[in-house]
Amino acid sequence: MIKRASGEQWLALGIIVIGLVMAWQISDVPDAAGYAGIGPRFFPSLVIAGLIIAGGALLMQRRHRDSPDTILSDGDDDSEQLEAEEAEERGEPNWHMFLMVSGSLLAHMALIGLAGFTVAGTLLCFGICRALETRRPMLDLLLSFVLALGLFHLFRTLGLNLPALLPGVL
Numbered sequence: 001m002i003k004r005a006s007g008e009q010w011l012a013l014g015i016i017v018i019g020l021v022m023a024w025q026i027s028d029v030p031d032a033a034g035y036a037g038i039g040p041r042f043f044p045s046l047v048i049a050g051l052i053i054a055g056g057a058l059l060m061q062r063r064h065r066d067s068p069d070t071i072l073s074d075g076d077d078d079s080e081q082l083e084a085e086e087a088e089e090r091g092e093p094n095w096h097m098f099l100m101v102s103g104s105l106l107a108h109m110a111l112i113g114l115a116g117f118t119v120a121g122t123l124l125c126f127g128i129c130r131a132l133e134t135r136r137p138m139l140d141l142l143l144s145f146v147l148a149l150g151l152f153h154l155f156r157t158l159g160l161n162l163p164a165l166l167p168g169v170l
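Under the numbering used here, think of the first position of the sequence shown as 1, with each following residue one higher.
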C-alpha cells in the first residue's frame, strides 16, 4: 500500500528544498574574507545549515511518530478518523496572533526608513509581545526599546550603518 505524504512531511521537504536553493544561490557571492576573517558567505551558510538540519529533524520526527500513516490497522481504513482526531488535538490556528505579528513586521519594514531602526525595532518587538498576550505591556515596551537601542549601538560599533531617527544616537 502506498502511503501518502502528510502536510508535516511536505513542510519538512519544503524547508530542506529552500535550504538547498539558498546553498545554490550563495555560490554567486564572492567568498573573499573581510577584515575579521569571516567572508560574506558565513552567516548565510549558518542559516542554510540550520534550515536543512531543521527540515531533516522535522521529517524524522514525523516519520517516527505514531500517526495514521504508521499505525497498522486490522483491515479497517480509519485513517480519516485518526486524522480528524489529530487535527482536533492540534487546535484551531490563532489568526489574531498571526495578524498582529504580520502587521508588526510590515509596520517595521515600512517605518525603518522613516523613523529609524530603534523606533521600528521597538514597535516590532512590542507588537510581538502584544500578539503573545503578555501581562505587562509597559515592561514589554521598555524592554523592547532597550533591546532595539542596544542592537542599534551594537551594529554601529561593528561599523554597520542603520537608519536612525536622530543620527548617531537613536
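We put the CB at the ideal spot given by N, CA and C, even for glycine.
Just so it is clear, the structure is predicted and the values come from calculations on it, not from any experiment.
Sequence-distant residues of the same chain with beta carbon closer than 8 Å to residue i, five excluded per side
i, result
"ILE16", "LEU51, ILE52, GLY55, GLY56, LEU59"
"GLY75", "Unreliable placement is indicated for GLY75, whose pLDDT of 47 sits below 50; no coordinate value is reported for it."
"LEU11", "LEU58"
7 Å CB neighbourhood of residue i in its chain, flanking five on each side removed
i, result
"ILE18", "LEU51"
"LEU147", "CYS125"
"LEU183", "This structure does not reach residue 183, given that the chain is present from 1 up to 170, and the question cannot be answered."
"MET174", "Lying before the first or after the last residue shown, residue 174 is absent from the chain, which here runs from 1 to 170."
"ASP140", "PHE126, CYS129, THR134"
From the options, residue whose alpha carbon lies closest to that of residue i
i, options, result
"PHE117", "VAL101, ALA164, ARG41", "ALA164"
"ALA32", "PHE42, HIS108, LEU158", "PHE42"
"GLN25", "GLY14, PRO44, ALA115", "PRO44"
"ASP149", "GLU133, ARG136, MET100, LEU123", "Sequence inspection shows Leu at residue 149; the Asp mentioned does not correspond to that position. It is LEU123."
"PRO167", "HIS108, LEU114, LEU13", "LEU114"
"MET97", "GLU80, LEU143, THR134", "THR134"
"GLY103", "ALA131, PRO93, MET138", "ALA131"
Unbroken alpha helix (DSSP H) run spanning residue i, endpoints
i, result
"SER27", "Segment: none, SER27 is in no alpha helix (DSSP H) and carries neither H nor E."
"PRO137", "137-157"
"GLY121", "117-131"
Chain-order list of residues whose beta-carbon lies under 6 Å from that of residue i (same chain, five-residue window excluded)
i, result
"ILE48", "GLY19, MET22, ALA23"
"PRO173", "Outside the modelled stretch of the chain, which goes from 1 to 170, sits residue 173, for which no answer is possible."
"SER6", "none"
"PHE155", "LEU162"
Can you find at least 3 beta carbon pairs, one from the region 79-91 and one from the region 124-141, that sit closer than 8 Å? At 8 Å Cβ cutoff, the stretches do not touch.
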